[in-house]
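Protein chains: 2
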Amino acid sequence: MSPPSIQEVGVHATSDTTAATIPDPLTCDDVAARRSKSGPFKGGVAASTSSEFFKSTATWKPMSKKWDHRLNGESKSRQASTLKNAATYLSIPGMISLGGGLPSSSYFPFQYIDVKIPSIGKFSEAETLESGKVMHIGKHDVKEGKSAFDLSISLNYGQGTGSAQILRWITEHTEIVHDPPYQDWQCVTSVGSTSALDMIYRMFLNRGDFIISEEYTFTSAVETALPLGCKMIGVKLDAEGMLPEALDELLENWDEGAQGAPKPFLLYTVPSGQNPTGATMSTERREEIYKVAQKHDLIIIEDEPYYFLQMQPYTGRDAPAVPLPKNREEFLKSLVPSLLRMDVDGRVIRVDSFSKVLAPGSRVGWITATAQICERMIRHNEVSVQNPSGFAQVILHKLLDEEWGHAGYLDWLINLRAEYTQRRDVLLHACEDYLPAEIASWTPPAAGMFHWIKIAVEKHPDFGAKSIRTIENELFLAAVAENVLVSPGSWFSADKDAKHDEMFFRATFAAAENAAMTEAIKRFGAAIRKVFKLD
Amino acid sequence: MSPPSIQEVGVHATSDTTAATIPDPLTCDDVAARRSKSGPFKGGVAASTSSEFFKSTATWKPMSKKWDHRLNGESKSRQASTLKNAATYLSIPGMISLGGGLPSSSYFPFQYIDVKIPSIGKFSEAETLESGKVMHIGKHDVKEGKSAFDLSISLNYGQGTGSAQILRWITEHTEIVHDPPYQDWQCVTSVGSTSALDMIYRMFLNRGDFIISEEYTFTSAVETALPLGCKMIGVKLDAEGMLPEALDELLENWDEGAQGAPKPFLLYTVPSGQNPTGATMSTERREEIYKVAQKHDLIIIEDEPYYFLQMQPYTGRDAPAVPLPKNREEFLKSLVPSLLRMDVDGRVIRVDSFSKVLAPGSRVGWITATAQICERMIRHNEVSVQNPSGFAQVILHKLLDEEWGHAGYLDWLINLRAEYTQRRDVLLHACEDYLPAEIASWTPPAAGMFHWIKIAVEKHPDFGAKSIRTIENELFLAAVAENVLVSPGSWFSADKDAKHDEMFFRATFAAAENAAMTEAIKRFGAAIRKVFKLD
């Protein structure tokens, strides 16, 4: 499906002619009308672009705060690229460029790419084989008037923003879903969230700095920080994520001398389906965390790969399931508002990814932040990753913009919610059936891919004589001996030296098929029984 | 074309059964036999891999030097990823993993990808339309026994090495072309050379360090270094590139106190078709530079995007053209040996790219270096870019390995040589026709995309009264006024504050069509005449 035509736009279309009226937030159906108003689309080879071209004008919103006092020396000193600057002369009519070393597309040995994709609403592999659509991406589609993007453009050099085509879709999607409450927000592509995180760290951190995160966190976020000479400091969390009081206390009582480091200002959090705990912050919790961030002038890295893996409530195996959102509007309303959505100051750097909702191998993601922060990121992109692969950009553009459109993508996400809900339920049922209730307990995860199982380590026969780490390792190896791989909680400790008085294991319901998942939990149950000598 | 079968392997196939006999270097035709000897190929989802699996065993070669004294704190402190370590348990038969959060490929909305490519020997766009081949990449081709790679693998998470499939091809290609003379060389993928360079800098440099390069160099190499607190220091060059005596002199006379920095040890060079000067080092020049590097214990970053754009000798417009290499062997012999090929110590980090020979947008490149350096790069990849896009990896694998094979790729490169030779000749003819000989002079470039035109600035009527930079800017703007974009040489100065007593402009023959290129040079000639008041 193409994006909706002007005729399809509903009566609630925005009107920005009167400054006094605040228009309704952007919806999928408004996109075509907004595009038609924003003038001709500039998407040629290495076209310079910006989210500003694709956003609603929203002069009633406040401007963001400036972050000069947080940027480090490396980031502050970045200059615009000499050669990319010179590209401005290319817009002069009749100009012939012997300037930049851009190869001619006649030497790209890729004439067209056809991709078989699911039709909207028929998303399974079986349905795709039967009723899927083949999307065609030619080398010269733009020149031939067939598309806004093609191989001659996507496979040449690009800009640090990502291509205009993919940036437009990302910007519109971000506005539809999050509608940031300040004026000067923008998006910039990344080559995946892991790379984005590395670059964000390098924008703000100095050696010796601490980063705040949940007490258990994404290992890669820790492992990216350590070689930069920076450590994570963990904040206690419950099933709704990081505890605002604990965060406030940590910052209130920060003692530079005792810690040997300045008061931290960078908060890394995974608010939805947190990795590894599966915790999802409620709206209220997010508001509280944001208030603490304002109080201590924090910058929040909102890492949200699992945002669209918010699932249906778990009702137990006998109660009727809660019906899926009936339509796109209901779906969007059902999502916990992001920190970005409440970010009046521009202190949130939201990190988005296609890895969990389309495919990890795309290596396309994006950040949303203030214009100032995005500009620093673009400068960094220019002299490092440049932009995501053109193969990925053009295939995602074709799928998300020209085939599915914003609305079709939301349908895909609704379908994914149903799939992950079903997978989670299979895992939870297996846990109910096969894990000894006196040892293993949990809160059903509301989002993400992970189930966080608390093990009552104090019931181990050698508790006290053996350390918790020793018992954890014993159980991990016992599970391996039973042929099941589950991840010990200590692997996810924000601070590797921290002592924990509890014990957890993380299991994912993303990867294995239903029967294998059930069998795996059965095996894990047997391992627990052996290690805890229950039989 | 698939890689050659065992039957096709020539009589010179290697024999590694006797340690006393040093086998002939690997050729395209040997690859299939070597593959069949190296045991079953392991290329599943996120399979761990290494160049060691794909290289010839060469125990007669020396081991490389160790570089602990050159690695910086950031790089030395990198640890292996906790979760990727745990993946070793996955090889246990019958293991069910609930460990890693790898999504199921059933949720990748890409059922297959078809790509139209040129058949070997019929490489032009017109021929591709007529006789090109469609290569088919399914989601489950590996399970179905149709291919070594598919979408279910390439679009999932990968490893910091790149996929086994692409790493295998890259390693074999590197051995065929460069055959590094030490034992423990390896390759690792990058998301393009710009990113590789950023990562190499971050492996060795500390703030305040200098990097050595040609006096005029790739602007991005400078702009990547500056925010890291590092500067380039330039060495004089001639038409054969960097002058070894000048390099030696710089290092011999380095005065830490006067320079405020330790003696530099990182040498950045583009030996073939240097950007911007078009200079190509001869074999002898390379040997001399390597000797200076040994004397001063340098690490050489050999950035070689234009290596395969070595062209036919320029014979002038009336002399007969030198015939193209008749076959692949002749082609390989015609290439100036790389620094990697003479690198007995393992002090060269070769940076390769597909940008100039397939398409910049692939964002796939690789480095070749010692196992120690590659291992540090893999650790860095894991917590930053991870690996190139799976779309790019699987399409390049299909093209280079399963369709063209090593031999077909060399044919492609021979064709590209003919194309670039023709383009260069058009530009040189235009320069001969339209640039005033009393002002503009040049050496015909032997490789790359760039033509470096010396402008006799001392003949400017205001020379002396006006600075060289002022005159350069005058000529740049006069060219823009004539509607042609050429790049002032000062943009490429390694040291932005350096004073040059010469003036150059860079023109590329990569991008514009023949007629436009000729017209552009005509316009540049008019601009020179105006600025130098020749008419």
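So the protein lines, in turn, are chains A and B.
Per full-length UniProt numbering, residue 1 is the first one in the first sequence, and the count goes up by one each step.
Per full-length UniProt numbering, residue 1 is the first one in the second sequence, and the count goes up by one each step.
Positions of the beta carbon are idealized from the N, C-alpha and C atoms, including for glycine.
These figures come from a predicted structure and were not determined experimentally.
Measure the C-alpha to C-alpha separation of residue i and residue j and round it to an integer number of angstroms.
i      : j      : result
D238/A : L205/A : 28 Å
P313/B : Q159/B : 42 Å
P323/B : S490/B : 37 Å
L250/B : A465/B : 32 Å
I212/A : W254/A : 12 Å
T18/A  : Q183/A : In this predicted model, T18/A has a pLDDT of only 48, less than 50, meaning its place in the structure is not dependable enough to derive any value.
S51/A  : G162/A : 11 Å
V486/B : V222/A : 46 Å
I301/A : E127/B : 51 Å
I453/A : K139/A : 51 Å
N275/A : K496/A : 16 Å
K459/B : I471/B : 11 Å
K333/B : R417/B : 14 Å
A520/A : R347/B : 48 Å
K168/A : T194/A : Position check: residue 168/A holds Arg in this sequence, whereas Lys was assumed. So the alpha carbons of these two residues sit roughly 22 Å apart.
P461/B : A371/A : 47 Å
H296/A : D248/A : 8 Å
L339/B : P25/B  : 17 Å
Residues bridged to residue i by DSSP?
i      : result
K133/A : I117/A
I233/A : I212/A
W302/A : Looking at the sequence shown, residue 302/A is not Trp but Glu. According to DSSP, E302/A bridges with T269/A, R350/A.
W491/B : Answer is none; W491/B lacks a bridge partner.
W185/A : T370/A
F505/B : I453/B, P488/B
S190/B : G365/B
A447/A : Q310/A
G241/B : D238/B
I521/B : I521/B pairs with nothing; no bridge assigned.
S96/A  : Inspection of the sequence shows that residue 96/A is occupied by Ile rather than by Ser. Answer is V484/B, bridged to I96/A.
S441/A : K454/A
K333/A : DSSP, once it has assigned bridges, lists no residue as partnering K333/A.
For residue i, which of the options has the nearest alpha-carbon?
i      : options                        : result
F265/B : E288/B, T280/B, R285/B, I233/B : I233/B
A494/B : A512/B, E472/B, V235/B         : V235/B
V292/B : A246/B, L83/B, G278/B, M311/B  : A246/B
V336/B : E287/B, S355/B, P360/B         : E287/B
I299/A : I289/A, Y307/A, F308/A         : I289/A
A369/B : S56/B, I153/B, K65/B           : K65/B
E304/B : H451/B, F391/B, H178/B         : H178/B
P426/A : M517/A, V383/A, K133/A         : Here residue 426/A is Val; the residue named in the question, Pro, does not match the sequence. Measuring from the Cα of V426/A, the nearest candidate turns out to be M517/A.
Let's test the definition: count the other Cβ atoms within 10 Å of the Cβ of residue i and tell me whether it reaches 16, buried, or not, exposed.
i      : result
G208/B : exposed
V31/A  : buried
H380/B : buried
L129/B : exposed
I367/A : buried
H69/A  : exposed
D535/B : exposed
Q186/B : buried
D501/A : exposed
W412/A : buried
A437/A : exposed
G390/B : buried
I22/B  : exposed
N327/B : exposed
K143/B : exposed
K356/A : buried
Spell out whether any CB of chain C is found under 9 Å from the CB atom of residue i.
i      : result
Q386/B : Of the protein chains in this structure, namely A and B, none is chain C.
Does the beta-carbon of residue i, which I'm using as the reference point, lie nearer than 8 Å to any heavy atom of the ligand GDP?
i      : result
E125/B : As far as ligands go, the structure on display features none, and thus does not contain the ligand GDP.
Decide if the segment 506-514 of chain B is in contact with the segment 96-103 of chain A; the criterion is three or more beta carbon pairs, one per stretch, under 8 Å apart. yes
Okay, do the segment 471-482 of chain A and the segment 515-526 of chain A touch, 3+ Cβ pairs below 8 Å being the bar? Short answer: they touch.
Check whether the segment 196-204 of chain A and the segment 355-363 of chain B touch, using three or more Cβ-Cβ pairs below 8 Å as the test. No, they do not touch.
Between the segment 376-395 of chain A and the segment 71-83 of chain A, are three or more C-beta pairs nearer than 8 Å? Cβ pair count under 8 Å is three or more, so yes.
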